[in-house]
Amino acid sequence: AVLVQPRGVERVAAAAVRAPILVGAVLVGPGPGQSQNAGILWRPGAGPDLEQMYTKRHPVPFAEYVPLRDVARMISKEVDRVRSDMVAGDRPGVVDAGAVTVGDVICFEVAYDGLVRDTVTGGAQVLVVQTNNATFDVAEARQQLAMVRLRAVEHGRASLMASTVGVSGFVGADGRVSDATGFNTRAVVSRQLRLGDGRTLATRVGVWPEAALVAVAVAVMAGAAVLRRRRSSAGRSRVTAG
73 AVLVQPRGVE
83 RVAAAAVRAP
93 ILVGAVLVGP
103 GPGQSQNAGI
113 LWRPGAGPDL
123 EQMYTKRHPV
133 PFAEYVPLRD
143 VARMISKEVD
153 RVRSDMVAGD
163 RPGVVDAGAV
173 TVGDVICFEV
183 AYDGLVRDTV
193 TGGAQVLVVQ
203 TNNATFDVAE
213 ARQQLAMVRL
223 RAVEHGRASL
233 MASTVGVSGF
243 VGADGRVSDA
253 TGFNTRAVVS
263 RQLRLGDGRT
273 LATRVGVWPE
283 AALVAVAVAV
293 MAGAAVLRRR
303 RSSAGRSRVT
313 AG
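Residue numbers (our numbering): 73 to 314.
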């Protein structure tokens, strides 16, 4: 990937606060016509820690990449408005920032159970959701913050959502939101977050309860359909016999 840093803003900011900064970036590569949506830890005096770079694992189809581009182009050439295909990462966003292990989740990845869970099981003590909701509106931004609240409670981790356009805010492990900013509103907020190391029941068991409930629901629906057909057949038999 190619890292372009024309202004040195990250370097200056990290030096000013004397702390590492988690920076969102779109990188060129690794191949022609490809890019990466990434979170990079910028260390004061050292610069980008590329060994710990997190690459978004669930890029959005037809927004961040075009699946089967040649086929999709036959339907509409508008697909080429997406000029590069974002390549998916292959590892959780567990970032060692020194005093804290950060769990990095990018944008609506927060909606996917497994992507958040393996970040926590990988050692994350706090969750950070980096996002840019400029193509959406305030309703979608608030919806995303609600998802962050769910994940905070689900895994017992204090969390924060940092958006380039808002809504941004902090969420306690109990789901309470603090210092939420407005949409399309410039703001600077800071807060101390309690680090978490334990594992909730949801973290330990993962998707299995959901899978079991879905299986039960499918079995009940199938059983009901069979019973309905049997009753219908029995009714027709009685009418014929009469």
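We put the beta carbon where it would ideally sit given N, CA and C, even for glycine. Every value quoted in this text rests on a predicted model; they were computed, and no experiment measured them.
Approximately 5 Å separates the beta-carbon atoms of R229 and L199; this is inside 8 Å, confirming the contact. Contact check for R189 against G161 fails: the beta carbons are separated by 9 Å or more. Contact between V237 and R214 does not hold, since their C-beta atoms are separated by about 13 Å, which reaches or exceeds 8 Å. For the 9 Å CB-CB criterion, G244 and R271 do not form a contact. Contact fails between the stretch 114-124 and the stretch 140-159, because fewer than three Cβ pairs, one in each stretch, are under 8 Å apart.
Under DSSP, T203 forms a beta bridge with S235. The shortest CA-to-CA distance from R248 to any of V174, D185, S231 and N256 is the one to S231. In this structure, Q216 keeps its C-beta atom at 9 Å or more from the C-beta atom of T207.
In this structure, P116 lies away from A135, with their beta-carbon atoms at least 9 Å apart. For the pair P102 and I178, the Cα-to-Cα distance works out to about 19 Å.
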